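Data block below; observations after.
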Ligand code: NAD
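Residue numbers (the numbering used here): 1 to 254.
See the structure below:
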């Protein structure tokens with residue numbers, strides 16, 4: 001179903017974790033990917049593993065100048081731009097009362113302002129090419145009030161809202177904008193939480209387990225390709241049912 005042949009996609013924060021899995025999915029679908037990240041060694045290694053269809057550039061998503069460089073590189077090198085995955089992000093693990101104003105601002109700057117600059121900068125290139133698809137990685141924390149996520153949750157709710165504004169404003173340019181809301185997924189970001197793969201290891205989600213990066217990447221690839229051509233402004237929860245409601249066990253004890 002996922003055919004990305006001929007498509008050129010930029011993925012931010014693609015050195016590792018969900019972004020790296022999404023880059024793999026783009027290449028598996030026949031597309032070309034420009035991975036960007038502040039982690040230069042990891043980013044270059046991830047691109048090298050994917051072969052000729054993947055390139056890497058250092059990119060801080062909070063820098064407008066970096067965004068211009070990255071998008072110009074994609075268009076100059078590959079001749080076009082079809083997709084952008086705004087995936088780069090950092091987490092919070094503090095109670096609201098303990099989170100510093102400085103950290104809150106930093107999280108919002110990367111997770112939300114970085115996405116805003118990306119949409120704004122990419123729109124001009126996508127418009128010039130006749131359209132495209134922007135996929136913004138929000139979170140389950142952008143669908144509900146998750147504890148210990150003050151700056152993070154606020155930024156992810158912002159990404160969800162910004163995606164809808166992008167969807168309605170950019171539809172006339174044939175640019176689709178959707179958000180993906182991963183649940184707890186095993187990546188370097190969540191490693192400190194101590195979660196493990198395997199059935200029953202995450203009873204908070206109805207499916208009872210955490211997600212694998214590839215399971216999130218499959219949704220991203222679907223939204224990038226033409227199989228989702230009638231979807232814009234949608235929010236896709238890929239969370240094992242975590243935000244659908246309480247588990248039967250939590251509700252009934254059974
Ligand atoms: P990760 O930490 O493995 O990857 C995030 C990447 O973003 C890193 O490579 C990091 O270097 C990069 N990054 C950070 N700041 C950057 C900046 N200023 N400019 C460019 N790159 C920067 O985490 P992940 O779990 O793969 O997360 C990817 C996305 O998925 C994030 O937006 C995260 O909030 C979201 N998400 C993750 C989970 C999860 O459970 N892992 C759940 C919901 C949402």
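A virtual CB, placed ideally from N, CA and C, is assigned to each residue, including glycine. In this text, all values refer to a predicted model and were calculated from it rather than measured experimentally.
| request: Compute the distance between the beta-carbons of residue 220 and residue 180, then report whether it is under 8 angstroms. | output: Here residue 220 refers to the residue found at position 220 when the chain shown is read from its first residue. Here residue 180 refers to the residue found at position 180 when the chain shown is read from its first residue. Yes; because the gap between Cβ atoms is below 8 angstroms, this pair is in contact.
| said: the ligand SAH and residue 35: does the residue's C-beta get closer than 7 angstroms to at least one heavy atom of that ligand? | reply: Because the ligand SAH does not appear in the structure shown, any question about it cannot be addressed here, the ligands present being the ligand NAD.
| task | Evaluate residue 209 with the Cβ neighbour count: other Cβ atoms within 10 Å of its Cβ, from every protein chain shown; 16 or more gives buried, anything less gives exposed. | result | For this step, residue 209 is matched to residue 209 along the chain shown. It counts as buried.
| message | Quick check on DSSP: helix, strand or coil for residue 56? | response | Walking along the chain shown from the start, residue 56 turns up at place 56. Strand, per DSSP.
| request: Please report how far the alpha carbon of residue 217 lies from the alpha carbon of residue 124, in whole angstroms. | output: Working through the chain shown from its first residue, we reach residue 217 at position 217. Working through the chain shown from its first residue, we reach residue 124 at position 124. Near 25 angstroms, if we compare the C-alpha coordinates of residue 124 and residue 217.
| request: Output the boundary residues of the beta strand (DSSP E) element that contains residue 160. | output: Walking along the chain shown from the start, residue 160 turns up at place 160. That residue, residue 160, is in no beta strand (DSSP E); its alpha helix (DSSP H) goes 150-170.
| field | Distance, residue 95 Cα to residue 150 Cα | value | As a working note, residue 150 is residue 150 in the chain shown. As a working note, residue 95 is residue 95 in the chain shown. Their Cα atoms are separated by approximately 7 angstroms.
| message | Taking the straight line between their C-alpha atoms, what separation do you get for residue 74 and residue 251? | response | Sequence index remark: in the chain shown, residue 74 carries index 74 (1-based). Sequence index remark: in the chain shown, residue 251 carries index 251 (1-based). For residue 74 and residue 251, the distance between alpha carbons rounds to 50 angstroms.
| task | Determine the burial state of residue 191: buried for a count of at least 16 other Cβ atoms within 10 Å of its Cβ, exposed for fewer. | result | Walking along the chain shown from the start, residue 191 turns up at place 191. Burial call: exposed.
| field | Cutoff 8 angstroms; reference residue 3; Cβ partners in own chain excluding five residues on either side | value | Within the chain shown, numbered from 1, the residue matching residue 3 stands at position 3. Correct list, in chain order: 29, 30, 225, 226, 227.
| task | Kindly identify the DSSP beta-bridge partner or partners of residue 212. | result | The count along the chain shown starts at 1 and reaches residue 212 at position 212. Partner(s): none; residue 212 has no beta bridge.
| query | Going by the CB atoms, is the gap between residue 26 and residue 78 shorter than 8 angstroms? | reply | As a first step, residue 78 is located in the chain shown; it is residue number 78 there, counting from the start. As a first step, residue 26 is located in the chain shown; it is residue number 26 there, counting from the start. No; because the gap between Cβ atoms is not below 8 angstroms, this pair is not in contact.
| message | I want to check one thing, is the minimum distance from the CB of residue 4 to the heavy atoms of the ligand NAD below 7 angstroms? | response | By one-based count along the chain shown, residue 4 stands at place 4. No - the ligand NAD has no heavy atom lying nearer than 7 angstroms to the Cβ of residue 4.
| query | Since residue 184 and residue 211 are thought to touch, with beta carbons under 8 angstroms apart, how far apart are those beta carbons, to the nearest angstrom? | reply | For the purposes of this step, residue 184 is taken as residue 184 along the chain shown, with counting starting at 1. For the purposes of this step, residue 211 is taken as residue 211 along the chain shown, with counting starting at 1. Contact flag correct, Cβ pair sits at about 7 angstroms.
| field | Residue span of the beta strand (DSSP E) that contains residue 98, given as start and end | value | Your numbering for residue 98 matches position 98 in the chain shown. It is not in any beta strand (DSSP E) - residue 98 carries neither H nor E in the DSSP assignment.
| message | So residue 178 and residue 223 are supposed to be a Cβ contact under 8 angstroms. How far apart are they, rounded? | response | Residue mapping note: residue 178 aligns to position 178 of the chain shown, counting from 1. Residue mapping note: residue 223 aligns to position 223 of the chain shown, counting from 1. So it is a contact: roughly 5 angstroms between Cβ atoms.
| field | As assigned by DSSP and simplified to three states, the class of residue 86 | value | On the chain shown, residue 86 is found 86 positions in, with the first residue counted as 1. In this structure, residue 86 counts as strand in the three-state DSSP scheme.
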